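Q:
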Amino acid sequence: MALVPTAVIAGTDGGTTDDPNRSEGDDTFLGDDRFESNASVDVVVRLEETTLVDVESGSAAEQHLEDHANETQAPLLEYAHETAGVDVRESFWVTNAVVLEVDTDRVDLEELEAIANVESVHRNFELPAPEPPAPQAAPESSPDRTTDAIDSLDVPAVWDEYDTRGGGVRVAVLDTGVDADHPDLELYTDDPSDPTSPGGWAAFDEDGEPIEGSTPHDAGTHGTHVSGTIAGGNASGTQLGVAPDVELLHGQVLTDEGATFAQVVAGLEWALEQDADVINLSLGTTGTYPELIDPVRHAVESDVVVVGAIGNDGPETSGSPGNVYEAVSVGAVDHDGEVAPFSGGERLERTAWEDTPGDWPDAYDVPTVVAPGVDIKSTVPAGYARQPGTSMATPHVTGTIALLSAIAPDSDPEDLEAALVETAQKPDGDHERASHYGHGIVDAKAAADAVAHPESTVDPAASEADNDERADSIAVSPHLGIGATAGGIGVAIAAFAWRRAR
């Protein structure tokens, strides 16, 4: 077994530490000669997954996943209980997996693959932490001011016409943590005396176990910055958040040491347990990582929108989990409407992945859409800072989806995504979807009109067919995805203006 190439976070400080050409994930499984033997190691045992085709979405899907995990994990858990040198660290149902600590001096790892229902074994691979930017004091501004990015998305028009700023919608950010004492941020809670109740905050260790007694904090600045773009207020004199009235949850899955696969999966599972409507993933790793397909896919099948950054390694690249077909992937544009040079985007062939779901298309383009992701002002612990990256673009899309959900609370993730992509603004004279900007720049007001008046919108199936004229069997993912690069979190960017035409 070998260590997975190190994953990274989409940010601002250059390239990645992993292999950008890594695609199939073969090096994560047993049999690789680079795996360290004669050591105690954490491994993730993946068991057979179930289908949700005949299961209703939402809580029914979650219960089905949990029941299936409990049943199929039983032989493995029994083996671990009876075998010296094998300890269970955590088990999951959002993907059918168990984290084990194995003493390889006493146990042959290949024994695990012989246990009933086990399909594969891989390392609990790591994602390094971003470099935090330096905070800066808030500039002088008028009380009614909003950020340029919010204005460009026409968000104030949504607030005014539909009288909502996201109230009643629950958004989970999985990141480095959050400064809950920041004057522009407030975590959701039913009990003001306990900021962690009933689910506004959680932190997870490297095995994916909840850290008991943890209270809200940011291991860096990234999570606070992302949270501010989604739900920030105007204490600085500038309105920072797209949807400031959402119920904000934050799961700390990244620390100053980075994150593991188990931490990210634990965060996804926790977000579902807390009834999140939208999950923001401004993190990831360049390449296609099949280990991340099932956690994202099952979250979406549970009626949750998963929004992810596409990554900061530039054209012809993308990052997982944002590039998973079911995710809504996001790229970044600058203030002049140009796709940022660092923004990822590419056409992904099905063969780029290993063991893909049967209903995936032969190929699809990422990102899904683009949004402002350069020089974005938001909150950081004890202050404010401007940051670029696809991680910064992603929360703009997450906040927009929260507004759409508030306007049309009965809409499912596919409806919300369809409204987002069908109303996205493309460059003048360009009507096709392209891998550098996806469907286009998000137009929050047009998308809001689409969910409020669905009878007047374009048929998504017809538009999908138009988008696919360039190649037979090429499908377009309606979802947003997230990728990552060393030094920070960001959103993939497309090459065209993001300012609305007036």
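In the UniProt record's numbering, the protein residues as written are 1 to 502. Each residue gets a CB set at the ideal place from its N, CA and C atoms; glycine is no exception. All values reported here derive from a predicted model rather than from experimental measurement.
1) Excluding the 5 residues preceding and the 5 following Asp87 in the sequence, name in chain order all residues of the same chain whose CB lies nearer than 6 angstroms to its CB.
2) Determine which residues share a DSSP beta bridge with His250 and list them.
3) Please confirm if Asn323 has its CB atom under 8 angstroms from at least one CB of chain C.
4) Using the C-alpha atoms, what's the distance from Val171 back to Glu269?
5) Just how far apart, CA to CA, sit Ile150 and His81?
6) State the DSSP-derived secondary structure class of Val102, mapped to helix, strand or coil.
7) Tell me the start and end of each unbroken beta strand (DSSP E) in the UniProt region "Disordered" (182 to 232) that is at least 3 residues and wholly inside, in chain order.
8) Given that a residue counts as buried once 16 or more other Cβ atoms are within 10 Å of its Cβ, and exposed if not, what is Asn280?
9) Please report the distance separating the alpha-carbon of Ser411 from that of Ala419.
10) List the residues that DSSP assigns as beta-bridge partners of Pro315.
11) What does Tyr437 pair with, by DSSP beta-bridge criteria?
12) Express the C-alpha separation of Thr146 and Val333 in angstroms, rounding to a whole number.
13) Along the chain, which unbroken stretches of the alpha helix (DSSP H) at least 4 residues long are found entirely within the segment 384 to 431?
14) Using only CA atoms, which one of Ala74, Thr51, Ala60 and Val99 lies nearest to Thr260?
15) Go ahead and label Asn70 buried or exposed: buried means 16 or more other beta carbons lie within 10 angstroms of its beta carbon, across all protein chains shown.
16) Looking only at C-alpha atoms, which of Thr72, Gly232 and Glu90 sits nearest to Asp181?
17) Using 8 angstroms for Cβ pairs, my map puts Val173 next to Asn124. What's the rounded Cβ distance?
18) Quick check on Pro395: buried or exposed, where buried means 16 or more other Cβ atoms within 10 Å of its Cβ?
19) Please list the terminal residues of the continuous beta strand (DSSP E) segment that includes Tyr79.
20) What is the C-beta distance between Tyr162 and Ile407, in whole angstroms, given that I count them as a contact (C-beta under 8 angstroms)?
21) Report the residue from Glu66, Val330 and Trp159 whose alpha carbon sits nearest the alpha carbon of Leu272.
22) How long is the line joining the alpha carbons of Glu111 and Thr285, rounded to whole angstroms?
23) Three or more beta-carbon pairs under 8 angstroms between the segment 370 to 381 and the segment 215 to 226, yes or no?
24) Suppose only complete runs of 3+ residues qualify. What are the beta strand (DSSP E) ranges in the segment 240 to 288, listed by chain order?
25) With respect to the beta strand (DSSP E) encompassing Pro372, which residues constitute its N-terminal and C-terminal limits?
26) According to DSSP, which residues form a beta bridge with Glu90?
27) Within the continuous alpha helix (DSSP H) that includes Val333, where are the two ends?
28) Residues bridged to Thr147 by DSSP?
A: Straight from the coordinates:
1) Glu101
2) Val173 and Trp201
3) In the displayed structure, chain C is absent; only one protein chain is listed.
4) 14 angstroms
5) 53 angstroms
6) strand
7) 201 to 203
8) buried
9) 10 angstroms
10) Gly345
11) In the DSSP output, where bridge partners are listed per residue, Tyr437 has none listed.
12) 18 angstroms
13) 390 to 407 and 413 to 422
14) Val99
15) exposed
16) Gly232
17) So it is not a contact: roughly 22 angstroms between Cβ atoms.
18) buried
19) Run containing Tyr79: none in the beta strand (DSSP E); it sits in the alpha helix (DSSP H), Ala74 to Glu82.
20) 5 angstroms
21) Glu66
22) 30 angstroms
23) yes
24) 247 to 252 and 278 to 281
25) Val369 to Pro372
26) Val99
27) Segment Val328 to Val333 is the beta strand (DSSP E) holding Val333; no alpha helix (DSSP H) there.
28) Thr147 is not bridged to any residue.
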